[in-house]
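Read through the structure below, which is laid out as structure tokens, and then see the notes.
Residue numbers (the working numbering), protein chains in the order written: chain A, 1 to 115; chain B, 1001 to 1115.
Written out as structure tokens, the structure is:
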């Protein structure tokens, strides 16, 4: 089966600019996650979708970050305006069923550098 | 609150040595799952193993083995006869709490296996 697809692979922007990341989960996977991974740290959950509904966005900086998952398939994460501290790898993951303990399948991530 | 601690930031071993990666977790949930993921230089997190809180049996898969001890809230990972290809960052993760299926990751342990 095809894995989780993310694009772009790399992005460099200046602070105060906007940026968008795209994720296409494994076909049929209902749950989709966006994680932020700052260099040297573990992934931090930004937002979790179940189909096209938000399950958890408690750690999403809503003044600048937004995410949507229209039609319950692919998803877009946007940052506007970007700050220097947003430099990180943004990981998308999906799981097949909303059952506790389902392993996550990750994409390769988008490495964002804000200058 | 849930927490995962990986106290070892970086470990270097010589090829063929055995190495153990430590993971200590905190949770008030009675039902929870523990995971190990591998992140090679390519960046994609790869699922290695899952254990649930009711199954304390140790597991062996080839050169990999896992030791789950509820009494010490630990879920340690041992690689026997390490190889250069084992070089990566390894993350321990915890999933618990009804409803949201949130994953909490540790900060990771970077393993360097030297030839």
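We put the beta carbon where it would ideally sit given N, CA and C, even for glycine.
Scanning chain B for C-beta atoms nearer than 9 angstroms to the C-beta of residue 109 of chain A yields 1043, 1044, 1045, reported in chain order. Interface criterion met: the Cβ of residue 104 of chain A is under 8 angstroms from a Cβ in chain B. Sequence-distant partners of residue 1027 of chain B (beyond 5 residues in either direction) whose C-beta falls short of 7 angstroms from its own C-beta, in its chain, are 1002, 1094, 1096.
Residue pairing of residue 44 of chain A in beta bridges, as defined by DSSP: A/36. Fewer than three beta-carbon pairs drawn from the stretch 17-29 of chain A and the stretch 1070-1085 of chain B are found closer than 8 angstroms, and the two stretches are therefore not classed as touching. Here residue 1082 of chain B really is in contact with residue 1113 of chain B; their C-beta atoms are around 5 angstroms apart, less than 8 angstroms. Here residue 1050 of chain B is near residue 101 of chain A, since their CB atoms are less than 8 angstroms apart.
Exclusion of the five residues before and after residue 1032 of chain B leaves 1053, 1094, 1095, 1096 as the residues of its chain whose Cβ lies within less than 7 angstroms of its Cβ. Between the stretch 79-92 of chain A and the stretch 6-23 of chain A, the count of Cβ pairs shorter than 8 angstroms is three or higher; the stretches touch. The C-beta distance from residue 89 of chain A to residue 1043 of chain B rounds to 6 angstroms, short enough to meet the 8 angstroms contact threshold.
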